[in-house]
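Numbering (the UniProt record's numbering), first residue to last: 1 to 323.
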């Protein structure tokens, strides 16, 4: 990941520097702002093989992309944009969208648009844009165009997964190696394709592998959200995703562990983290196990020992001595 900050540039040069930076690393735009005299902004860019993630932060801003600017430079991409802070309004393709923090939106770099970003209390707005080559999304273009410049749901399902994934890429971008970046780029494109196909009601057109991998991610997110429920079971997980238990097990064939093993592994890891947290030192081992859906103390102790090489109480005492 590469990061640029206007704080590294003399105040009088910052706005022109910012406009040039956006033109080089995102696309040519006409930009104006009430803060041009001393523009505080930053841009992170993460290359992920075919895909690119851009994460700018900036004060109030007005951007326009005209037909002339498109002829001047067009990356020929779809952009899936997540509003992280501030608010945004955009007009493109005859539609207008008003976006708040948490909203997703699809943009087309080959169409003119007009956008305004607003911040509260002199803060900075922030977005994350996943830039995907047009040909990389296996969803009919005419279907996608119906969803340009519209708020798209990110509170649940594949939209929530996509929003979390984008935030995670920006947060961990500096630690990624080249091989990881390429694999994560493919995953980002697959997840975006699945999300947009669902919005356009053309999921059946996606490759089977894409559908299975997206479903596996949704199932894992559901499991992590419900680890504390002792009734969590393959049957309940399957019902929550409108699939059979048999198909649930088929989805997990590529995960090198069964769905029950995944649930147990996640529960044990949450217990391990709690036992290692000195702030929870007054909380008993059995209480921690129950918190994460493992009410049988003896079974929990055996499973913990198999996973980490010592019983949970000894693990906690070992960490206490090491501090």
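Note that beta-carbon positions come from the ideal geometry of N, C-alpha and C, so glycine has one too. Remember, it's a predicted structure, so these values are computed and weren't measured experimentally.
Look at residue 18 here: in three-state DSSP terms it is helix. In this structure, 39 is the residue among 67, 39 and 65 with its C-alpha nearest to the C-alpha of residue 57.
Collapsing the DSSP output to three states places residue 137 in coil. Listed in chain order, the beta strand (DSSP E) runs fully inside the UniProt domain "HTH araC/xylS-type" (217 to 318) amount to none, counting runs of at least 3 residues. When beta bridges are read from the DSSP output, residue 114 appears opposite 64 and 91. Taking the C-beta atoms as reference points, residue 108 is found nearer than 8 Å to residue 78. The Cβ neighbour count for residue 6, taken over all protein chains shown within 10 Å, is at least 16; the residue is labelled buried. Positions of the beta strand (DSSP E) runs, each at least 3 residues long and wholly inside the region 22 to 50, are given as 30 to 32 and 42 to 48 in order along the chain.
Here the region 203 to 210 does not lie against the region 144 to 156, with fewer than 3 beta-carbon pairs under 8 Å apart.
Taking 8 Å as the cut-off, the Cβ atoms of residue 275 and residue 307 do not count as close. Here the C-alpha atom of residue 32 lies approximately 10 Å from the C-alpha atom of residue 16. Per the C-alpha coordinates, the member of 250, 228 and 230 positioned closest to residue 238 is 250.
Note that the region 81 to 100 does not touch the region 41 to 51; fewer than 3 beta-carbon pairs, one per stretch, sit closer than 8 Å.
The straight-line gap separating the alpha-carbon atoms of residue 137 and residue 76 is approximately 12 Å. With fewer than 16 other CB atoms across the displayed protein chains lying within 10 angstroms of its CB, residue 155 is exposed.
For residue 161, the closest alpha carbon among the candidates 88, 54 and 103 is that of 103. In the structure shown, residue 103 falls within a coil segment according to DSSP collapsed to helix, strand and coil. Residue 157 places its beta carbon 8 Å or farther from that of residue 55. Of all C-beta pairs linking the region 90 to 98 to the region 168 to 183, fewer than three are shorter than 8 Å, placing the two stretches out of contact.
Taking every protein chain shown into account, the CB of residue 13 has fewer than 16 other CB atoms within 10 angstroms, so this residue is exposed. Sequence-distant Cβ neighbours of residue 244 in its own chain, meaning closer than 8 Å and more than five residues away, are 238. Note on residue 20: under 16 other CB atoms within 10 angstroms of its CB, so exposed under the neighbour-count rule. Taking the Cα positions, residue 195 is about 39 Å away from residue 9. Shown here for residue 260: same chain residues with a beta carbon closer than 7 Å to its own, the five before and five after excluded, namely 234 in chain order.
Contact annotation, residue 311 with residue 271: C-beta distance approximately 12 Å; criterion of less than 8 Å not satisfied. Assigned with DSSP and collapsed to three states, residue 124 falls in coil, not helix or strand. For residue 82, the enclosing beta strand (DSSP E) begins and ends at 77 to 85.
Contact annotation, residue 110 with residue 70: C-beta distance approximately 6 Å; criterion of less than 8 Å satisfied. Counting of Cβ neighbours within 10 angstroms places residue 295 among the exposed residues, the total staying below 16. Take residue 61, set aside five residues on each side of it, and the residues of its chain with a beta-carbon closer than 6 Å to its own are 33 and 117, in chain order. Cα atoms of residue 67 and residue 112: separation of roughly 6 Å, rounded to the nearest angstrom.
Take residue 218, set aside five residues on each side of it, and the residues of its chain with a beta-carbon closer than 7 Å to its own are 157, 158, 161 and 241, in chain order.
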